[in-house]
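Here's the structure we're looking at; comments come further down.
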Amino acid sequence: MIHHTVMRIIEEVGFQVHSDTGLRLFQAAGAWVDEEKRLVRLPQDKAMELINMAPSEVRLCGGDEKHDIILGGNRVYTGTGGTALNVYRQETGEKTLATLDDLKRIAKLVDQLDNIHLFLLPTYPNDVSPEKVDVNRFFAGLDNTSKHVMGGLYTSDGLKQVIRMAEIIAGSAEKLRQRPIISLIACTISPLKIDQKYGDFMIAIAKSGVPVVCPAEPLCGATSPVTLAGNVTMQTVDSLMGVILTQLANPGAPVIFGSVATSTDLSNFNYLAGSVEMGLINAAGAQMAQFYKLPFYATGGMTDSKVLDAQSGYESAITNLLCALAGANFIHDAAGLMEFALTACYEKYVVDNEILGMVMRAVEGIVVNEDTLAFNLIKEVGPGGNFVTAKHTRHYMRREHYQPTLSDRDNREDWEAKGGKQIWESAAEKVKELLATEGYGLPAHIKSQVLSEIPGIVEYYGV
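Residues 1 to 463 (our numbering) make up the sequence shown, in order.
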């Protein structure tokens, strides 16, 4: 029913395209176009033809091959996200404007957190001039983590410079297409609009061959119907508009269907980042992506809490788990964000890494076979026995059960003897430990070439 409603909207209602190049591409493809209103309507069969041109899998590569992932099917990965303006300082209980140094430090931290698979640039460096933000954000990521780097852009010059930077680091333009170490985000606008700037960005990125994400952010009762089914329908239409445009620009271009959809507090029209409905909507988005055989970029893991407290934990866990169990390919914002995604928190990255370890264990499910059922062992041990010393127990004890690195499982006496630390205190110690290590960095000759060829990069990159 959602699919048929989506197709009716595309064919009967249409959507606005404010990119001149985009409008011409739709015209050339046989769409009905009202140039004055910038309105496009597309026959259902043509819409599906273009959707089916998009690849069902997209490879995202890291600076280290061990971090390569393939988005598609029901495989699940997690990552950061946000473009938060602030950083919460746990030691003072205050937030301050995020800086470029914060971005580098977070990249270094995330590089060492095993359950966070991708690095989506999570903060905005307020100490960098707007025309230099794009190159500095991406270079800070690429120079401080060996994981794949994804992010949005602000200027067309920045777009060109970021792609050129990635080509230098990859070794050539062709090598970047073979092993894309970056992917770029170009959003559509709910309801039913592709604006001029990001429409042009979508086309340019698609033509470059670099993977592009086309997420939409309909808000229940504000920019979509208030019902969850209506919101999922709006998100599906809005993101598919972007997918279709990329295929018009470059058939077969690697594109990722995406959702940042959530609910709205209708008492004050606030965006909500930690609602259970966000988890449900994005889980449904994952099912729609699987229906269209498209890789999916979901949203989960955030909290509306202003501090690292119980609310922060349960909101992040619930939305991440809902998305993951629905097979969302890449859950962005899965770690580190609080306060309606306005603020990042170092300690929360560490806490969320623990949550995500549990989430990923849930995704694995329960393996049922002759060996795991263990009939022969049960028969051997018999009534009243125990399984402690069994070889079977030693074989499975670590792989079958998630081993936490942060959670406390001691009895009270042992916990008190170790200082009786709260979870945020343990997380703070872990942050200091990880940031004190040497960390990842680009090879010196590549770094030198990037700094010499790409204008506007702030040269100091110490952590």
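Each residue gets a CB set at the ideal place from its N, CA and C atoms; glycine is no exception. Only a predicted model underlies this, so the values are computations on that prediction, with no experimental measurement involved.
C-alpha gap between residue i and residue j, whole angstroms
| i | j | result |
| --- | --- | --- |
| residue 222 | residue 192 | 13 Å |
| residue 396 | residue 413 | 29 Å |
| residue 271 | residue 430 | 31 Å |
| residue 157 | residue 67 | 29 Å |
| residue 410 | residue 404 | 12 Å |
| residue 461 | residue 451 | Annotation note: pLDDT 47 at residue 461 (below 50); position unreliable, no value reported. |
| residue 371 | residue 364 | 17 Å |
| residue 167 | residue 206 | 16 Å |
| residue 433 | residue 309 | 22 Å |
| residue 281 | residue 216 | 12 Å |
| residue 174 | residue 324 | 33 Å |
| residue 437 | residue 110 | 13 Å |
| residue 162 | residue 336 | 25 Å |
| residue 366 | residue 400 | 9 Å |
| residue 119 | residue 385 | 48 Å |
| residue 51 | residue 255 | 10 Å |
| residue 449 | residue 28 | 41 Å |
| residue 32 | residue 38 | 11 Å |
| residue 453 | residue 164 | 9 Å |
| residue 48 | residue 313 | 40 Å |
| residue 183 | residue 375 | 48 Å |
| residue 250 | residue 419 | 59 Å |
| residue 455 | residue 35 | 38 Å |
| residue 379 | residue 373 | 11 Å |
| residue 197 | residue 131 | 15 Å |
| residue 80 | residue 154 | 19 Å |
Residue i and residue j closer than 8 Å at C-beta
| i | j | result |
| --- | --- | --- |
| residue 263 | residue 277 | yes |
| residue 86 | residue 97 | yes |
| residue 144 | residue 108 | yes |
| residue 318 | residue 279 | yes |
| residue 180 | residue 149 | no |
| residue 305 | residue 238 | no |
| residue 326 | residue 286 | yes |
| residue 288 | residue 341 | no |
| residue 344 | residue 82 | yes |
| residue 122 | residue 84 | yes |
| residue 295 | residue 58 | yes |
| residue 248 | residue 204 | no |
| residue 300 | residue 265 | no |
| residue 60 | residue 349 | no |
| residue 493 | residue 357 | Because the chain is modelled from 1 through 463, residue 493 falls outside the range shown and cannot be assessed. |
Sequence-distant residues of its chain with Cβ nearer than 8 Å to residue i (five each side left out)
| i | result |
| --- | --- |
| residue 194 | 15, 16, 17, 18, 19, 22, 188, 202, 241, 242, 245 |
| residue 463 | With a pLDDT of 36 at residue 463, under the threshold of 50, the modelled position of this residue cannot be trusted; read the value that follows with caution. Excluding residues within five positions, the ones whose Cβ falls inside 8 Å are 101, 104, 105, 108, 144, 435, 439. |
| residue 89 | 95, 96 |
| residue 387 | 377, 381, 393 |
| residue 291 | 3 |
| residue 446 | 168, 169 |
| residue 13 | 41, 192 |
| residue 77 | 69, 71, 117, 118, 329, 330, 331 |
| residue 227 | 220 |
Residue closest to residue i, alpha-carbon to alpha-carbon, out of the options
| i | options | result |
| --- | --- | --- |
| residue 406 | 437, 443, 352, 455 | 352 |
| residue 283 | 333, 232, 269 | 232 |
| residue 355 | 373, 427, 372 | 427 |
| residue 330 | 358, 9, 121, 117 | 117 |
| residue 25 | 13, 42, 421, 311 | 42 |
| residue 443 | 139, 46, 373, 93 | 139 |
| residue 5 | 77, 229, 127 | 229 |
| residue 46 | 38, 131, 30, 235 | 30 |
| residue 311 | 297, 69, 197, 273 | 273 |
| residue 457 | 36, 297, 127 | 127 |
| residue 1 | 369, 419, 236 | 236 |
Residue i at chain D interface by Cβ criterion, 8 Å
| i | result |
| --- | --- |
| residue 367 | Chain labels in this structure do not include chain D; a single protein chain is all it has. |
Neighbourhood of residue i by C-beta distance below 6 Å, restricted to the same chain and skipping five residues each side
| i | result |
| --- | --- |
| residue 361 | 402 |
| residue 56 | 72, 293 |
| residue 185 | 152, 213 |
| residue 64 | 146 |
| residue 359 | 320, 321, 324 |
| residue 7 | 44 |
| residue 315 | 274, 303 |
| residue 10 | 42, 47 |
Sequence-distant residues of the same chain with beta carbon closer than 7 Å to residue i, five excluded per side
| i | result |
| --- | --- |
| residue 252 | 53, 55 |
| residue 125 | 98, 99, 100, 103, 133, 136, 137 |
| residue 408 | 415 |
| residue 424 | 90, 308, 347 |
key: Within the stretch 162 to 234, ranges of the alpha helix (DSSP H) (whole runs, at least 4 residues)   = 173 to 178, 196 to 208
ask   = Considering only residues of the stretch 289 to 373, which uninterrupted beta strand (DSSP E) runs meet the minimum length of 3 residues and lie entirely inside it, listed in chain order?
value = 296 to 299, 330 to 332, 343 to 345
task = Starting from the N-terminal side, write out each stretch of the alpha helix (DSSP H) that is 4 residues or longer and does not extend beyond the stretch 36 to 73.
result = Unbroken alpha helix (DSSP H) runs of no fewer than 4 residues, entirely contained in the stretch 36 to 73, are found at 44 to 53, following chain order.
task = Run through the stretch 90 to 125 for me and flag every whole alpha helix (DSSP H) of 4 or more residues, listed as ranges in chain order.
result = Scanning the stretch 90 to 125 for uninterrupted alpha helix (DSSP H) segments of 4 residues or longer gives 100 to 111, listed from N- to C-terminal end.
key: 4-residue-minimum alpha helix (DSSP H) runs that sit fully inside the stretch 390 to 440, ordered along the chain   = Runs found: 391 to 400, 412 to 417, 423 to 435.
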